[in-house]
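First up is the structure itself, then whatever we jot down about it.
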Amino acid sequence: MNLHEYQAKELFRAAGMAVNPGEVARDPGAARSAAERYGGSAVVKAQVHSGGRGKAGGVKLANSPEEAADHARTILGMTIRGLTVREVLVSPIESIASEAYVGVLVDREGQCPVFMVSAEGGVDIEEVAATDPKAIHRLRVDPRYGLLPHQAYWLATRLYEDPALARQGARAIAQLYDAFVANGASMAEINPLVSTSGGRVKAIDAKVSIDDNELFRRPDMAALRDPASESEADRRAREAGLSFVKLDGDVGCCVNGAGLAMATMDLVKYYGGEPANFLDIGGSSNPDKVVAALEIITSDPGVAVILFNIFGGITRCDDVAKGIVEAVGRIGIGVPLVIRLTGTNEELARGILAEAGLAAVSSMDEVVEKAVRLAG
Ligand code: GDP
Ligand code: MN
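Following the numbering used here, the numbering of the sequence shown begins with 1 at its first residue and continues without gaps.
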């Protein structure tokens with residue numbers, strides 16, 4: 001679950017970090033009065049779950065409260081990477097001497113947190129990784145001991161030659177690690193961590209993702225969810241208990257089990273197609289889930305064909321078949337359905353589908369090849 005910049009900054013502040021202050025505004029008037037409180041000039045920043053807001057025109061400097069209101073008027077309602085801006089963060093303008101990148105995330109291979117830092121901050125870290133990979137320094141943290149002081153200093157000295165700045169940088173890095181661990185984050189990032197012309201190190205941006213598996217024991221984090229920032233499909237999938245990831249292809253996939261869903265996507269690619277989504281309907285036998293899954297898949301106008309790949313174990317094929325028939329009757333599906341069912345109650349399922357004029361095959365290759373052909 002992604003947090004907004006202002007929410008992430010709150011977590012950093014709680015860890016003691018020096019963070020640029022800010023006020024959230026939902027209309028130009030509120031942006032104007034926030035700028036007044038900061039002495040007239042202010043930076044107005046779009047609050048959406050996306051990086052690159054600056055490049056997209058979602059970060060603007062204002063020299064007067066009136067200008068801050070104008071910027072808020074421009075930015076509110078703007079679309080950045082498909083996300084509509086509903087709030088802006090108004091902060092005092094910092095006079096920046098340097099911009100660095102500091103991030104910590106989970107290194108799945110190393111089974112531990114890993115820091116990445118770069119003196120080339122302010123730009124997308126992916127861009128630095130592509131053009132100047134040596135400019136990124138990595139350090140794995142042993143979670144049993146946490147980030148040790150000398151490690152924080154080593155990282156900070158990759159960013160600053162000046163010992164006074166390095167000391168502050170090391171403090172910020174240690175605080176970032178504390179915030180990452182204390183809140184069950186899967187990623188925490190400051191880009192840029194700036195040094196000001198007055199010689200202070202400060203976070204002027206913040207990005208945090210909380211591990212979804214943490215939310216059940218952290219209602220305070222779960223409460224930070226902004227439903228308005230979620231896509232309709234993501235929200236419905238979450239409410240229906242489906243694992244869903246939207247992709248850019250045209251073959252809608254409805255599969256039981258994450259492993260089979262991945263294998264299905266691989267096979268779609270193998271036959272020259274592009275999956276429109278990852279969707280795992282799970283191991284339950286609940287026709288309502290199938291209906292929800294089909295509603296989500298068909299709401300994507302890019303979908304040209306829907307591919308069912310069901311391996312009946314705990315999942316009963318007849319329940320999935322019932323869900324398919326019910327969904328077809330209820331929502332009317334305007335694209336071809338190709339279905340592969342095998343395993344528990346397969347024969348029953350074929351009967352249910354046949355009554356509704358639908359056919360099913362039992363080979364995975366056959367069904368995927370057909371789906372890719374139908375998608376054109
Ligand atoms: P992002 O583009 O979504 O990563 O948004 P950021 O918060 O990182 O802002 C983008 C850029 O705007 C930063 O890299 C800075 O160069 C600039 N910026 C943001 N806040 C300030 C500020 O207070 N003062 C100055 N001079 N520049 C700022
Ligand atoms: Mn940034």
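All C-beta atoms in this analysis are idealised placements derived from N, C-alpha and C, irrespective of residue type, glycine included.
On a predicted model such as this, the values are computed, not experimentally measured, just so you know.
Simplified DSSP state of residue i, which is helix, strand or coil
i	result
E214	helix
H4	coil
L247	coil
D365	helix
G332	coil
I173	helix
V102	strand
H137	strand
M187	strand
R373	helix
V123	coil
T315	coil
Residues near residue i in its chain [Cβ-Cβ closer than 7 Å; skip 5 each side]
i	result
V106	P113 and S186
A261	C253, V255, F278, L279 and D280
A97	S195, T196 and S197
A387	Residue coverage of the chain in this structure runs from 1 to 376, which leaves residue 387 outside it and unanswerable.
M265	C253, P275 and F278
A258	S243 and D280
Own chain, CB closer than 6 Å to residue i, minus 5 neighbours either side, in chain order
i	result
I125	Y101
Y160	A166 and G169
Euclidean distance between Cα positions of residue i and residue j
i	j	result
P301	E232	13 Å
N191	G103	8 Å
E230	R218	20 Å
D234	Q151	39 Å
E274	S243	19 Å
A68	Y6	18 Å
D365	V320	20 Å
A129	I136	7 Å
L267	P336	19 Å
E36	G29	11 Å
Y153	V303	51 Å
M78	R225	21 Å
E23	G40	14 Å
D220	D211	13 Å
V88	H4	10 Å
P133	L139	15 Å
A72	A31	6 Å
Sequence-distant residues of the same chain with beta carbon closer than 8 Å to residue i, five excluded per side
i	result
V59	V43, V44, K45, A46 and R53
A179	L11, F12, A14, A15, M17, A185, A188 and V208
V291	G323, E326, A327, R330 and I331
D142	C112
T298	G252, I306, I331, I333, G334 and V335
Proximity below 8 Å, CB of residue i to CB of residue j
i	j	result
K255	A375	Inspection of the sequence shows that residue 255 is occupied by Val rather than by Lys. No, these two residues do not count as a Cβ contact at 8 Å.
A360	L341	yes
G343	G312	yes
V90	A25	yes
L215	M1	yes
E369	Y271	yes
P21	P92	yes
L294	I333	yes
A223	A8	no
Which residues DSSP lists as bridging residue i, in chain order
i	result
K60	V44
V114	L105 and R140
I204	For I204, which the question treats as bridged, DSSP gives no partner whatsoever.
N309	V255 and R340
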